[in-house]
Amino acid sequence: MAYQLAIIGGGAIGEALAAGAIKSGLYAPEQVLVSDPLAARRDYLANRYQVQTTTDNFKAVREAAALVMAVKPQVYMDIFKPLASKITGEQLVISVAAGITVKEIEAALTAQVPVVRVMPNTPCLVGKGATVLARGTYALTEHIMIADRLFSALGFTVELPEASLDAVTALSGSGPAYVYLILESLIDAGVRIGLPRELSRQLMLQTMAGSVQMMAETGKHPAELKDMVTSPGGTTAAALEYLEAQGIRGTIIKAVGQAFERARELGQGKE
2 MAYQLAIIGG GAIGEALAAG AIKSGLYAPE QVLVSDPLAA RRDYLANRYQ
52 VQTTTDNFKA VREAAALVMA VKPQVYMDIF KPLASKITGE QLVISVAAGI
102 TVKEIEAALT AQVPVVRVMP NTPCLVGKGA TVLARGTYAL TEHIMIADRL
152 FSALGFTVEL PEASLDAVTA LSGSGPAYVY LILESLIDAG VRIGLPRELS
202 RQLMLQTMAG SVQMMAETGK HPAELKDMVT SPGGTTAAAL EYLEAQGIRG
252 TIIKAVGQAF ERARELGQGK E
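This is how it looks when you write it as structure tokens:
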């Protein structure tokens with residue numbers, strides 16, 4: 002094979018994969034091919050990462066040992082189905098798309114092709130992602146290891162059964178949006194009580210980053226860390242009492258439940 006890795010879709014996740022694979026030393030730039038219809042994206046990726054680029058998805062299939070499908074779910078099958086009959090059992094398909102199941106992918110293929118379905122999240126773009134891997138019918142440990150090495154360059158990885166991916170999509174896949182909404186609200190709160198917006202932003206970014214690191218390094222339960230900040234009759238206690246009275250805990254749990262149900266609907270082909 003001319004290339005070790007071909008990525009169909011040169012958007013944000015496709016770029017992150019190419020960058021991570023090269024930066025980590027997993028592949029040399031000349032071993033990576035990215036297919037994208039937009040000339041501006043191809044030029045950008047070629048100039049920044051020295052990867053090879055093309056508009057020909059069939060070239061990617063013919064010439065690469067591992068094929069990453071990094072296109073949006075809405076157009077996934079329109080792009081994949083014409084390619085499927087050209088993919089052999091000697092290759093590996095890595096699928097990055099919410100709602101597109103291994104069963105659907107394998108049904109389109111005409112050979113017993115190893116498939117690994119992955120669910121990353123957007124912090125992969127800065128090397129701090131959380132990615133779950135799920136193997137298909139013909140994927141062996143060696144195939145999982147290839148996908149794991151690729152996504153480990155972008156953060157944390159773990160293998161789970163595919164049945165868990167709807168839950169993963171709802172929790173960590175959508176999770177960054179929940180965090181950003183909370184951050185946005187806290188920054189706005191700082192402005193409302195008189196702080197300059199940029200200072201409020203800096204304070205909350207550092208507070209969020211430090212809190213996450215503290216939880217990771219100490220291994221303590223979040224409730225225990227919360228109690229460390231909360232003095233009897235103090236400011237934190239007053240704020241937490243109000244949040245609990247407003248049902249914030251239940252609201253967050255229910256919101257993730259809504260995302261989970263929507264992920265299941267998408268997996269069943271519902272619009």
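According to the numbering used here, the sequence shown is numbered sequentially starting from 2. Beta carbons: idealized from backbone N, C-alpha and C, even for Gly. Note that the coordinates shown come from a computational prediction; the quantities given were computed from them, not determined experimentally.
Continuous alpha helix (DSSP H) stretch holding residue i: start and end
i           : result
residue 249 : 249-268
residue 1   : Residue coverage of the chain in this structure runs from 2 to 272, which leaves residue 1 outside it and unanswerable.
residue 179 : 176-193
residue 82  : 74-85
residue 103 : 103-109
residue 143 : 142-153
residue 138 : Careful: residue 138 lies outside any alpha helix (DSSP H) and carries neither H nor E.
Limits of the unbroken beta strand (DSSP E) element including residue i
i           : result
residue 156 : 156-160
residue 8   : 4-9
Contacts around residue i, its chain only, beta-carbon distance under 8 angstroms, and the 5 residues preceding and following it disregarded
i           : result
residue 267 : 74, 99, 100
residue 64  : 2, 3, 4, 7, 34
residue 161 : 133, 134, 135, 169
Identity of the residues DSSP links to residue i by a beta bridge
i           : result
residue 132 : 158
residue 95  : 69, 117
residue 230 : Beta-bridge pairing links residue 230 to no other residue.
residue 36  : 9, 55
C-beta atoms of residue i and residue j nearer than 8 angstroms
i           : j           : result
residue 72  : residue 9   : yes
residue 97  : residue 69  : yes
residue 84  : residue 144 : no
residue 23  : residue 67  : no
residue 157 : residue 131 : yes
residue 210 : residue 125 : no
residue 119 : residue 103 : no
residue 163 : residue 135 : yes
residue 46  : residue 12  : no
Other residues of its chain near residue i: CB distance less than 6 angstroms, five sequence neighbours each side excluded
i           : result
residue 264 : 167, 170, 171
residue 61  : 7, 9, 34, 36
residue 231 : 237, 238
Chain-order list of residues whose beta-carbon lies under 7 angstroms from that of residue i (same chain, five-residue window excluded)
i           : result
residue 215 : 226
residue 57  : 36
residue 107 : 116, 137, 138
* To do: Inspect the CB distances between the stretch 175-188 and the stretch 34-52 and report whether three or more fall short of 8 angstroms.
  => no
* **Three CB pairs or more closer than 8 angstroms across the stretch 199-210 and the stretch 220-234** => no
* Is there contact here, the stretch 22-32 with the stretch 49-60, by at least three beta-carbon pairs under 8 angstroms? -> yes
* Asked: Is the stretch 82-90 close to the stretch 106-120, with three or more CB pairs under 8 angstroms?
  -> yes
* Asked: Is there contact here, the stretch 191-204 with the stretch 148-163, by at least three beta-carbon pairs under 8 angstroms?
  -> no
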